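Heads up: the protein sequence lines correspond to chains G and H, in order. Take the position in the first sequence, starting the count at 1, then add 1257; the result is the number in this note's numbering. Take the position in the second sequence, starting the count at 1, then add 364; the result is the number in this note's numbering. Glycine is no exception: its CB is placed at the ideal position from the N, C-alpha and C atoms. Since the model is a prediction, treat every value here as computed from it, not as a measurement. Note sheet for the following structure.
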Amino acid sequence: MVRSHIDNYLGTHRRHSGLSQAEVAWIVEAEFPDVISRIERGDRLPTLKVALRLEVLFGVPVGAIFAGTREHLARRVEHRVRVHYRRIKAQPAMTKGRRVPSREAKLAWHGARLSRRRAVRS
Amino acid sequence: MARCPPLPEARCPFVNGPYRRRVLAVDVHATYIGFAVIEAPQHLIAWGLVQFTKHDRATPSRAGFETPRMIARFHPDAVVVTMPRNLKLAKDRIARVREAFTAAAVRAKVPVFEIGRLEYLAVFKARTRYGAAVAMAERYPALAPRLHKPRKIWQSEGHYASVFDAAAAGTAFMILKRRRRVA
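Pasting the structure below:
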């Protein structure tokens, strides 16, 4: 499947801003100076704090900076959501003569999520 | 943040063609490769030099080693290689590096195109490589700080000029409707 984004655009944003890797590492308080280099190469992912600091630094959402990674993870999450929905739907609606409230809540949540996605696509 | 300004032209054949998103353009030399990654419509994503030592006899295999890394990192839809003005006169070493690069791209199942220097100079209406470099510096402001001075006849070409050549080739590839596929 053709990937529409590269793993991360951190190098792109950094070079467009004119900052060096060492300067970005200092600004985002990375634990080691070479962390930014490894993140740009895709050898490692940033911690949550570093990712959020990068978002603040460049004014771009984390999901846009790491667009390719996000795209890959989104496909996996969507697949698992569908599997989860099938499992919930396969569960019995009644147990020992009583309705299963958590099942209904989960099915309602899935329905609302699907409606939101259709609204976004349309 | 300074973003690459899109072209004023609305039509971009690359976007409507089978290769939609990203081009890896390379300018191959004997001891270094200048590369530029351009994403549709016309955003400069990455650029730089991959250098080999002058005494590195394994240069072609090094090129074959670096190419899969670049393709794995940037996931291009197409690879564009600049073609020297006279392929017959091109040094054997350059030809071997180009072949190694092309073979590695073919193994990665990425189509390879070639574009001649005169073609991309014509796109930007430049007479010399420096003219094309100036056009690239205007189109992609991030490249402007690295724009070199015009070369005097007794001076050798700076290595970083190949980055501008690669950017020009990639941008021209997106604009041109006719493309020569090599592999």
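Pull up the CB-CB distance for H:I435 and H:A469, whole angstroms please, since I reckon it's below 8 Å. Looking up residue 435 of chain H in the second sequence gives position 71. Looking up residue 469 of chain H in the second sequence gives position 105. Confirmed, Cβ separation roughly 7 Å.
Select from H:A499, H:L507, H:Y396, H:T466 the residue whose C-alpha is nearest the C-alpha of H:A581. Nothing about residue 581 of chain H can be reported from this structure: the residues present for chain H run from 365 to 547 only.
Residues that H:F438 contacts on chain G, provided the C-beta gap is smaller than 7 Å: The residue you call residue 438 of chain H lines up with position 74 of the second sequence. Listed by position along chain G, the residues whose Cβ is nearer than 7 Å to that of H:F438 are I1263.
Are the beta-carbon atoms of G:H1273 and H:A486 separated by less than 8 Å? As a working mapping, residue 1273 of chain G is identified with position 16 in the first sequence. As a working mapping, residue 486 of chain H is identified with position 122 in the second sequence. Going by C-beta atoms, G:H1273 is not nearer than 8 Å to H:A486.
Output, in chain order, the set of chain G residues within a Cβ distance shorter than 9 Å of H:I409. Reading the second sequence from its first residue, position 45 is the one you call residue 409 of chain H. Under a criterion of Cβ atoms nearer than 9 Å, the residues of chain G adjacent to H:I409 are, in order, I1263, Y1266, G1268, T1269.
Beta-carbon of H:A530 versus every beta-carbon of chain G: anything under 8 Å? Taking the first residue of the second sequence as position 1, residue 530 of chain H is located at position 166. Interface with chain G (8 Å Cβ-Cβ cutoff): H:A530 is excluded.
Any beta carbon of chain H sitting closer than 8 Å to that of G:H1273? Position 16 of the first sequence, counting from 1, holds the residue named residue 1273 of chain G. Chain H contact via Cβ: present.
Work out the CA separation of H:Q519 and G:L1330 for me, nearest whole Å. In the first sequence, residue 1330 of chain G corresponds to position 73, counting from 1. In the second sequence, residue 519 of chain H corresponds to position 155, counting from 1. Between the alpha carbons of G:L1330 and H:Q519 lies a gap of roughly 51 Å.
Within 8 Å, strictly: CB atoms of G:V1307 and G:A1287: One-based indexing of the first sequence puts residue 1307 of chain G at position 50. One-based indexing of the first sequence puts residue 1287 of chain G at position 30. With respect to the 8 Å criterion, G:V1307 and G:A1287 are classified as neighbours on the basis of their beta carbons.
Answer with yes or no whether the minimum CB distance from H:A533 to chain G is below 8 Å. Numbered from its first residue, the second sequence carries residue 533 of chain H at position 169. With 8 Å as the cut-off, H:A533 does not count as an interface residue toward chain G.
Is DSSP giving G:R1272 helix, strand or coil here? Residue mapping note: residue 1272 of chain G aligns to position 15 of the first sequence, counting from 1. Look at G:R1272 here: in three-state DSSP terms it is helix.
Of all Cβ atoms in chain G, is any one closer than 8 Å to the Cβ of H:A506? As a position in the second sequence, residue 506 of chain H is number 142, starting the count at 1. It does; some Cβ of chain G falls within 8 Å.
Is G:R1356 helix, strand or coil by DSSP? The residue you call residue 1356 of chain G lines up with position 99 of the first sequence. DSSP, read as helix, strand or coil, puts G:R1356 in strand.
Using the Cβ count rule (16 or more neighbours within 10 Å means buried), how would you classify G:Q1348? Looking up residue 1348 of chain G in the first sequence gives position 91. Under this definition G:Q1348 is an exposed residue.
Find the residues of chain H that neighbour G:G1299, judging by a C-beta separation of less than 8 Å, and give them in chain order. Here residue 1299 of chain G is taken as the residue at index 42 of the first sequence, counted from 1. The answer, in chain order, is R437.
In DSSP terms, what H:W548 is bridged to: Residue coverage of chain H in this structure runs from 365 to 547, which leaves residue 548 of chain H outside it and unanswerable.
Return the CA-CA distance between G:V1334 and G:L1309, expressed in angstroms with no decimal places. Locating residue 1334 of chain G in the first sequence gives position 77, counting from the first residue. Locating residue 1309 of chain G in the first sequence gives position 52, counting from the first residue. Each residue's alpha carbon lies about 21 Å from the other.
Rounded to the nearest angstrom, how far is the Cβ of H:A404 from that of H:R385, given a contact under 8 Å? For the purposes of this step, residue 404 of chain H is taken as the residue at position 40 of the second sequence. For the purposes of this step, residue 385 of chain H is taken as the residue at position 21 of the second sequence. With a contact defined as Cβ atoms closer than 8 Å, H:A404 and H:R385 qualify at about 6 Å.
Give a yes or no on contact between the stretch 539-546 of chain H and the stretch 474-492 of chain H, applying the rule of three or more CB pairs nearer than 8 Å. Using a C-beta cut-off of 8 Å, the stretch 539-546 of chain H makes contact with the stretch 474-492 of chain H, since at least three inter-stretch Cβ pairs fall below that distance.
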